[in-house]
Every structure is written in C-alpha cells, then in structure tokens.
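J.: Numbering (the working numbering), first residue to last: 10 to 180.
1) Just to confirm, is the Cβ distance from residue 83 to residue 122 under 8 angstroms?
2) Three-state secondary structure (DSSP) at residue 159?
3) Is there at least one Cβ from chain B nearer than 8 angstroms to residue 173's Cβ?
4) Tell me, which residues are paired with residue 171 by DSSP?
5) In the DSSP assignment, what are the bridge partners of residue 90?
6) Could you give the DSSP three-state label for residue 177: helix, strand or coil?
7) Do residue 67 and residue 158 count as a contact pair if the criterion is CB distance below 8 angstroms?
8) What number of angstroms, rounded off, separates the C-alpha of residue 75 from the C-alpha of residue 179?
Rendered as structure tokens:
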C-alpha cells in the first residue's frame, strides 16, 4: 500500500508543479511568438545602411592648424545609427566635433558619436557638427580627397570630399 501512495504523491507533486509553472511559461512563449511576428512584419523597425554623397572640406586660410570636413548622412531605415569615427587618405587624427551655441557666442567640443536618426539626416555644417582634421597637408581649391566614415550599425562608407574656399562653400 505504501508503494502506490508514494507514487501517487510523486505524480500529484509533479502535476502541481506543472500547473504552477504553466501560466508564466505559456505567457512567455506567447509573448515571444507575438514579438517575433511583429518584428517579421516590420513593426519593430528596419535597420538599413546609411547613405551619403560627396562632402566638402573647408580650404584653410593662411597657415591654419586644422581643417573641417562636412557630409550629409541620410538614414533611410527606421533604426537610428551613429557616426562613430572617420579617417582620411592623409592619415592623422580626425575628431568628431559638435558646436555648442551659447547666446551670441559658442564653442565646440569633441564627441564620441554623432547621431543619424532613423528616417532622418545628420547634416554637418560649420554651425553644427563636422570632422576636425589637425595638421592637414597643403590643400588646393577644387582638389578631391577620400574619407572613410565608420558607424555603429552600418558598414563603413568611403566618400570623396571637394576642397572649397569659404566663399564657395555650400549653404
């Protein structure tokens, strides 16, 4: 008699445990299935590589210790990205920089990344953000130089930028 009773208790203990864990496990499985379906139909947004066209480099006047390069980076996807680095054909250090405006005055600071919003643009300009290049070689107006931009999510972009004097820079 002890044998069947012990076996029955073991079975009822397992059944009780199964009844106790079934609702949370079932809810987790259902949530996972719904999230997978939502993502599959694009509900969670779609990441697409960023795009950019040619940029421009501000021709230094006199013996400038640095130059700035500017690009417009477009993000056709729903998921935001970040520009996290850059290099150019001449080597040396390229700094991502953001301008901070404080009334009529302003200053700039280096940043670790520049945001490229989903379905938006990062538009670099002398008034907002740029790539700061210290100790550039002599550059000529009209010259084209090569850059590689690195992003957090997107593949690297290899781009060209034209050296332009201040009077002919894009607005």
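Ideal placement from N, C-alpha and C gives every residue a C-beta, glycine not left out.
T.: This is what the structure gives:
1) no
2) strand
3) Any reference to chain B falls outside this structure, which holds one protein chain only.
4) 65 and 153
5) 125
6) helix
7) no
8) 19 angstroms
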